[in-house]
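So for the sequence shown, numbering that gives the first Met the number 0 puts the first residue at 0; every next one is plus one.
C-beta atoms are modelled at their ideal positions from N, C-alpha and C, and glycine is treated no differently.
Okay, structure first, notes after.
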Amino acid sequence: MKTVLITGAAGFVGSNLSLALLEEGYRVVGVDNFDDTYDPRFKEENIAQCLSNPNFELVRLNICNRAALQELFERVQPQLVAHLAAKADTRAAVEDPYPYVENNILGTLNIFETVRHTPLENMVFVSSSSVYGNDTKVPWKEDAAANHPISPYGATKRAAELFAYSYHHNFGMSITCLRYFNAYGEYNRPNMVPYLWARALLRGEEVELSGAGTRKRDYTYVGDTVRATIAALKKPLGYEIINIGNNHPLSLLELLGVFEKVLGVTARVKERPSHPASVEETYADISKAQKLLGWKPEVPIEEGIKRLVTWVRANRL
Ligand SMILES: NC(=O)c1ccc[n+]([C@@H]2O[C@H](COP(=O)([O-])OP(=O)(O)OC[C@H]3O[C@@H](n4cnc5c(N)ncnc54)[C@H](O)[C@@H]3O)[C@@H](O)[C@H]2O)c1
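Dropping the structure here:
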C-alpha cells in the first residue's frame, strides 16, 4: 500500500482528493493547519469523512514549520506527495501579500527542501491559472511566458513553479506543476462564485454579479480536477507544467443561466464593480494534459452545478 502525503488536505480540493485516494486504496496522510482564510469549521466538516477511514491520518501542522515537516516525513515515509496547501484568495492577497509569500512561497520551499531528503517517487505541486495574468492569448498554453500575473497570489504560484524547476534540476526530483482552473463542486470553498450563487439562489436571495457579467471562467468540476491530480501523481514526468481546466469558458451571465435552468428560478441580480486583480478570461488549452496524462474533463457544467447545488442544499443552508 503506497502512502500519499497531501498538504492542504482539509481544504476544498484537498478533501476531495483525500477521499478519492482512500477509495483507490492508498494510505493517506493529510496535513493542514486549518488556517483562517475562510472559516476553519468548514475544513473540519470537509475532512470528517476521511477520519473514519483507518488508512487516513490527519496531521495538524503548518508547512512553514520546517523542522516539524521533516520529522513528519521521516516518520511516515511517503512515496508520493500532493502539495496543495496555500492561501488562495486573490483579492485578499492584493491587500496583504505577506502571508501569501510566507505560506505559498516559503511554505512550498519547505516542502521541496523536505522532499529532497526523502526517497520519493513523484510529487505534484498545485499551481494556478492565475499565473497567466491578462496578457496571454487564449486558450492559454503552458509554454506562454506567464511573466505578468496580475495578483500577488498568482506571482507566488509562478515563483513556486520556478523553485520547483530548480529542485528538479539540482536534485533530480520529479515534480509536476498542475495549473488548476476554477474548480467547483462538493466541499467548495465558501468564497467562490459558484458556491455563493448556489447558496443565495437556494435561499431566495439576490446574487452578486461583478462587472457586466462578461468575465469568463473555465469552470472545472472538482471530480475532474481530482482525477487529473491522481493521474499526475501516478506518472513521474521529470518536470512539467500542465493545465487542468475544462477548455470551455463561460461568462458569469452564462453561468447564471446554468444555475437558473438547474434550479428552475429567475435570479435577482445585484451588480458590483469588478476587482482590478480579476482577469478578463481564463481558458485552458488542455492538449498537454490529454497527451501526458491521458486526461480530459468528463462532467459537463450542468451536471456539475447540479451536484454542487445538491451538496450545498444538504450541507450549507
Ligand atoms: N479551487 C480552485 O479553483 C483553485 C484554482 C487554482 C489553484 N488552486 C490551488 O489549489 C490548492 C487548493 O485550493 P482550494 O480551493 O482547495 O483551497 P482551500 O483554501 O480550500 O485549501 C487550501 C488548504 O491549505 C491549508 N493551508 C494553507 N496554508 C497552510 C499552511 N501554511 N500549512 C498547512 N496547511 C495550510 C488551508 O487550511 C486549506 O485547508 C491551492 O494551492 C490553490 O492555490 C485552486
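- Your pair L249 and R216 checks out as a contact, with CB atoms roughly 7 Å apart and the cut at 8 Å.
- Judged by the Cβ position, Y179 qualifies as a neighbour of ligand 1 at the 7 Å threshold, a heavy atom of the ligand being closer than this.
- Relative to the non-hydrogen atoms of ligand 1, the Cβ of L83 comes within a distance shorter than 7 Å of at least one.
- Under the DSSP assignment, F41 falls in the alpha helix (DSSP H) whose first and last residues are P39 to L50.
- Straight-line measurement puts the Cα of A197 at about 6 Å from the Cα of V308.
- DSSP places K269 inside the beta strand (DSSP E), whose first and last residues are V268 to R271.
- In the displayed model, T309 falls within a helix according to three-state DSSP.
- In the DSSP annotation of this structure, N15 is not part of any beta strand (DSSP E); the continuous alpha helix (DSSP H) holding it starts and ends at F11 to E22.
- Residue state for F124 is assigned as strand, using DSSP reduced to three classes.
- If you draw a straight line from the Cα of F180 to the Cα of R74, it is about 34 Å long.
- Closest in C-alpha terms to N52, from the list T281, L18, H274 and R90, comes L18.
- Judged by DSSP secondary structure, S286 falls within the alpha helix (DSSP H) whose first and last residues are S286 to L292.
- Non-local beta-carbon contacts of I285 in its own chain, meaning distances under 7 Å to residues more than five positions away in sequence, involve N242, G244, N246 and K295 in chain order.
- Where A81 is concerned, there is no enclosing alpha helix (DSSP H), although the beta strand (DSSP E) around it starts and stops at L79 to H82.
- Separation of the CB atoms of G210 and P272 is rounded to 7 Å, and the pair is thereby assigned contact status at 8 Å.
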